[in-house]
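Numbering (the working numbering), first residue to last: 4 to 152.
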């Protein structure tokens, strides 16, 4: 049996989630900061009358993004071109995640996902790795990612 997946970029790698959990894809926009929250919490986003907590997915899974270097470096806080917020619903909880860009929607075979080279990521956050056109796609377990907070 096959399922539809949303594949996105994060720090130069491909990640995926089941498409049924995605509500909407938005261009990146600043969210309202939440004082005294976890470092991976970007803030709150009011979208169409619903308030979503927005999480920086790269920080949550422990991936480091290269910082600016030298005098020509971009200002901090400015989003990279193509950066997006994906609104997600998981276990009747709605939230947003920031990603570097959305790559594609693809149908992949369900079945045992191969535990691959998810280096630098807590294995408890990874359901497994699948391959599409020779590219490794790391499938994340959103239930564990944001319930352990």
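Just so it is clear, CB atoms sit at the ideal spot from N, CA and C, and this is done for glycine as well.
Cα-Cα separation, residue i to residue j
i           : j           : result
residue 11  : residue 35  : 24 Å
residue 126 : residue 147 : 11 Å
residue 122 : residue 56  : 27 Å
residue 19  : residue 97  : 18 Å
residue 111 : residue 8   : 7 Å
residue 14  : residue 67  : 7 Å
residue 53  : residue 44  : 17 Å
residue 102 : residue 60  : 7 Å
residue 78  : residue 4   : Per-residue confidence for residue 78 stands at a pLDDT of 48, beneath the threshold of 50, marking its modelled position as unreliable; the derived number appears in the next sentence. Each residue's alpha carbon lies about 46 Å from the other.
residue 33  : residue 42  : 16 Å
residue 86  : residue 62  : 15 Å
residue 135 : residue 17  : 11 Å
residue 91  : residue 107 : 16 Å
residue 139 : residue 51  : 35 Å
Residue i vs residue j beta-carbon contact at 8 Å
i           : j           : result
residue 132 : residue 124 : no
residue 48  : residue 88  : yes
residue 58  : residue 100 : yes
residue 145 : residue 24  : yes
residue 105 : residue 26  : no
residue 40  : residue 21  : no
Delimiting residues of the alpha helix (DSSP H) encompassing residue i
i           : result
residue 105 : From DSSP, residue 105 is part of no alpha helix (DSSP H) but of the beta strand (DSSP E) over 104–112.
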